[in-house]
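Peer 1:
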Amino acid sequence: MDLKPTEEQGMVRDMCRKFADRSLKPMAAEYDRTHEFPWKHVKKLGEMGMMGVVYPEEYNGAGMDYLTYAIAVEEISRGCASTGTIMSAHNSLCLSPIYYFGTEEQKQTYLPRLTTGEWLGCFAITEPSAGSDASGTRTKAERKNGSYILNGSKTFITNGGVADVAVVMAQTTKIGGNKGLSMFIVPKGTKGFSVGKVEDKLGICASSTTELVFIDCEIPAENLLGQADQGFKIAMHTLDGGRVGIAAQAVGIAQAALDEAARYAKERVQFNKSLAQFQAIQFMIADMATEIEASRLLVWQAATMLNTGDRHKYSQFCAMAKLFASETSHRVTHKALQIFGGYGYVKEFPLERFYRDSRITEIYEGTSEIQRMVISSSVLNAYN
Ligand code: CAA
Numbered sequence: 047m048d049l050k051p052t053e054e055q056g057m058v059r060d061m062c063r064k065f066a067d068r069s070l071k072p073m074a075a076e077y078d079r080t081h082e083f084p085w086k087h088v089k090k091l092g093e094m095g096m097m098g099v100v101y102p103e104e105y106n107g108a109g110m111d112y113l114t115y116a117i118a119v120e121e122i123s124r125g126c127a128s129t130g131t132i133m134s135a136h137n138s139l140c141l142s143p144i145y146y147f148g149t150e151e152q153k154q155t156y157l158p159r160l161t162t163g164e165w166l167g168c169f170a171i172t173e174p175s176a177g178s179d180a181s182g183t184r185t186k187a188e189r190k191n192g193s194y195i196l197n198g199s200k201t202f203i204t205n206g207g208v209a210d211v212a213v214v215m216a217q218t219t220k221i222g223g224n225k226g227l228s229m230f231i232v233p234k235g236t237k238g239f240s241v242g243k244v245e246d247k248l249g250i251c252a253s254s255t256t257e258l259v260f261i262d263c264e265i266p267a268e269n270l271l272g273q274a275d276q277g278f279k280i281a282m283h284t285l286d287g288g289r290v291g292i293a294a295q296a297v298g299i300a301q302a303a304l305d306e307a308a309r310y311a312k313e314r315v316q317f318n319k320s321l322a323q324f325q326a327i328q329f330m331i332a333d334m335a336t337e338i339e340a341s342r343l344l345v346w347q348a349a350t351m352l353n354t355g356d357r358h359k360y361s362q363f364c365a366m367a368k369l370f371a372s373e374t375s376h377r378v379t380h381k382a383l384q385i386f387g388g389y390g391y392v393k394e395f396p397l398e399r400f401y402r403d404s405r406i407t408e409i410y411e412g413t414s415e416i417q418r419m420v421i422s423s424s425v426l427n428a429y430n
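Per my numbering: the sequence shown = residues 47 to 430.
Given below as structure tokens:
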């Protein structure tokens, strides 16, 4: 594995970093306070090619690799974690299943407008009683003549309130467990499909997280994504890529916290010395920097392996990257806030926002406990 970004990866990193520093960072606190969806910046990301990073140019995508994508998500999240979430859910969770499992007609219909950011996408598998246990899906899709009729509801859906296209998992055959589930493309405006409760969250406040409701929602049978009753595997395949995106987001939040804490430690004087001259603070900075670098390397490794070779191996590395980067982000934002002391606890400084924003990375797209299940299952299988 070459640890040096290619020229193209370096250019994308610099472009996203500049955009994050100049446009996202100055607005992030305001977006957090008002919960305003950052439309202007999401549209700009579309113009930059960052709403369809890994998808081929024939679908208006940027045609880049997953490592470039991870680098971009890190930089964007460093400027604004909410915008990082929006970008990651759109790229990894909505576009990916359409690209990998869609028919040519579905790809032609949806991808060119999603990759440019003209349309936004979401991915809906979670339900009130089916969170970590995604196989507990109760939303039903009943086949009737040339259609499917969807009934049920989804919860905690990132981009739910703003998405033009939803990829939705529903039960098509009553077999139980993870069998008998299918994936569907449901465009906004379909009769019987509406946005329900809008969540008021601890962090990533400018992103939209909502319930989606389906009441006798009729969609043409052509909107089935992939094969019937194979939806669970599509969901798992999709989440592998999603976990790389969230891991990259976690690294971005942690890096932003370290940047602030290191600068502050050098400026802040107590007992006639800068904080940076105290060994207690130096050790915190050392641990933060080391853990961030280790997380970034895991993210890069997972991104490089994604969708190549042994599925169990790359699933394991995607889960390892998500687990380690999200828990690192938690520890780093905690320490950075501690370095700021009282100033870390007030909204005048960004530390308390980083701390709140980082927390979700240990929960969505599979909790840390789920990542440990995926990792241990793959590791133990290797000893069969
Ligand atoms: N890729 C392709 N196929 C996969 C796969 C993957 N990564 N992982 C599993 N599969 C396949 C298996 O090979 C198996 O196939 P066969 O039946 O043919 O053998 C099938 O899927 C079932 O696999 P498992 O027996 O391993 O599945 P399980 O029922 O034991 O569940 C789990 C495993 C890891 C616990 C899974 O339920 C899981 O990941 N749960 C967490 C769900 C999650 O991450 N939810 C987050 C919601 S999305 C979100 O947060 C988005 C948002 O908007 C915020």
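Don't be surprised by glycine CBs; every beta carbon is placed ideally from N, CA and C.
Decide if the region 149-156 is in contact with the region 192-202; the criterion is three or more beta carbon pairs, one per stretch, under 8 Å apart.
Peer 2: The region 149-156, when compared against the region 192-202, does not touch it at the 8 Å Cβ threshold.
Peer 1: Could you tell me whether the region 214-234 touches the region 187-195, using the rule of 3 or more Cβ pairs below 8 Å?
Peer 2: Yes: at least three Cβ pairs fall under 8 Å.
Peer 1: Helix, strand or coil: how does DSSP classify M215 here?
Peer 2: By 1-based counting over the sequence shown, the position of residue 215 is 169. It is a strand residue.
Peer 1: In angstroms with no decimal places, state the Cα-to-Cα distance between K186 and C168.
Peer 2: Indexing the sequence shown from 1 puts residue 186 at position 140. Indexing the sequence shown from 1 puts residue 168 at position 122. Cα-Cα distance, rounded: 19 Å.
Peer 1: Buried or exposed: where does I144 fall if 16 or more other Cβ atoms within 10 Å of its Cβ makes it buried?
Peer 2: In the sequence shown, the residue the question calls residue 144 occupies position 98. Buried is the call here.
Peer 1: Would you kindly report the start and end of the unbroken beta strand (DSSP E) that includes L227?
Peer 2: On the sequence shown, residue 227 is found 181 positions in, with the first residue counted as 1. Start and end: L227 to P233.
Peer 1: Do V420 and the ligand CAA come close, with the Cβ less than 6 Å from some heavy atom?
Peer 2: As a first step, residue 420 is located in the sequence shown; it is residue number 374 there, counting from the start. Yes, the ligand CAA has a heavy atom inside 6 Å of this Cβ.
Peer 1: Which residues bound the alpha helix (DSSP H) around Q187?
Peer 2: Residue numbering aside, residue 187 sits at position 141 when the sequence shown is read from its first letter. According to the sequence as given, residue 187 is Ala; it is not Gln. A187 -> not in any alpha helix (DSSP H); beta strand (DSSP E) instead, spanning K186 to K190.
Peer 1: Kindly indicate which three-state DSSP category A428 falls into: helix, strand or coil?
Peer 2: The count along the sequence shown starts at 1 and reaches residue 428 at position 382. Residue state, collapsed to three classes: coil.
Peer 1: Out of S361, R79 and A170, state which residue places its alpha-carbon closest to the alpha-carbon of I250.
Peer 2: Counting from 1 along the sequence shown, the entry for residue 250 is found at position 204. For I250, the nearest C-alpha among the options comes from R79.
Peer 1: Among R184, I421 and G238, which residue has its Cα nearest to the Cα of T219?
Peer 2: Counting from 1 along the sequence shown, the entry for residue 219 is found at position 173. Answer by Cα proximity: R184.
Peer 1: Three-state secondary structure (DSSP) at V119?
Peer 2: The residue you call residue 119 lines up with position 73 of the sequence shown. Three-state DSSP puts V119 in a helix.
Peer 1: Report the three-state DSSP secondary structure of T161 (helix, strand or coil).
Peer 2: Looking up residue 161 in the sequence shown gives position 115. In the structure shown, T161 sits in a helix (DSSP, three-state: H, G or I).
Peer 1: In the DSSP assignment, find the unbroken alpha helix (DSSP H) run with Y77 in it and report its ends.
Peer 2: What you label residue 77 is simply residue 31 of the sequence shown in a count that begins at 1. Start and end: K71 to T80.
Peer 1: Can you tell me where the alpha helix (DSSP H) holding F278 begins and where it ends?
Peer 2: The residue labelled residue 278 in the question sits at position 232 within the sequence shown. Run containing F278: G277 to E313, per the alpha helix (DSSP H) assignment.
Peer 1: Have a look at Q295 and K190 and give me their C-alpha separation to the nearest angstrom.
Peer 2: Within the sequence shown, residue 295 is the residue found at index 249, counting from 1. Within the sequence shown, residue 190 is the residue found at index 144, counting from 1. If you take the alpha carbons of Q295 and K190, they lie about 42 Å apart.
Peer 1: Any heavy atom of the ligand CAA closer than 6 Å to the Cβ of T131?
Peer 2: Looking up residue 131 in the sequence shown gives position 85. T131: no, Cβ never under 6 Å from the ligand CAA.
Peer 1: By how many angstroms is the C-alpha of H81 removed from the C-alpha of P396?
Peer 2: As a first step, residue 396 must be located in the sequence shown, where it is residue number 350. As a first step, residue 81 must be located in the sequence shown, where it is residue number 35. Cα to Cα, P396 sits roughly 16 Å from H81.
Peer 1: Verify the contact flag: H283, CB atom, against every heavy atom of the ligand CAA, threshold strictly below 6 Å.
Peer 2: What you label residue 283 is simply residue 237 of the sequence shown in a count that begins at 1. Yes, Cβ of H283 sits closer than 6 Å to a heavy atom of the ligand CAA.
Peer 1: I195 by DSSP, collapsed to three states: which one?
Peer 2: Here the question's residue 195 lines up with position 149 in the sequence shown. If DSSP states are grouped into helix, strand and coil, I195 belongs with the strands.
Peer 1: Where S142 and T284 are concerned, what is the direct C-alpha to C-alpha distance, given to the nearest angstrom?
Peer 2: Mapped onto the sequence shown, residue 142 falls at position 96. Mapped onto the sequence shown, residue 284 falls at position 238. Taking the straight line joining both Cα atoms gives about 6 Å.
Peer 1: Between G412 and the rest of its own chain, which residues show a CB-CB distance below 8 Å, the 5 nearest in sequence each way excluded?
Peer 2: Position 366 of the sequence shown, counting from 1, holds the residue named residue 412. S178, L285, R289, A365, K368 and V420.
Peer 1: For E264, list the residues DSSP reports as bridge partners.
Peer 2: Within the sequence shown, the letter at position 218 stands for residue 264. DSSP output for E264 lists I195 as bridge partner(s).
Peer 1: Is the separation between the beta-carbon of Q347 and that of F370 shorter than 7 Å?
Peer 2: Reading the sequence shown from its first residue, position 301 is the one you call residue 347. Reading the sequence shown from its first residue, position 324 is the one you call residue 370. No, Cβ-Cβ distance for Q347 and F370 is not below 7 Å.
Peer 1: If contacts are defined as beta-carbon pairs under 8 Å, then V214 and C140 qualify, I think. What distance do you get, rounded to the angstrom?
Peer 2: The residue given as residue 214 occupies position 168 in the sequence shown. The residue given as residue 140 occupies position 94 in the sequence shown. That pair is no contact at about 11 Å.
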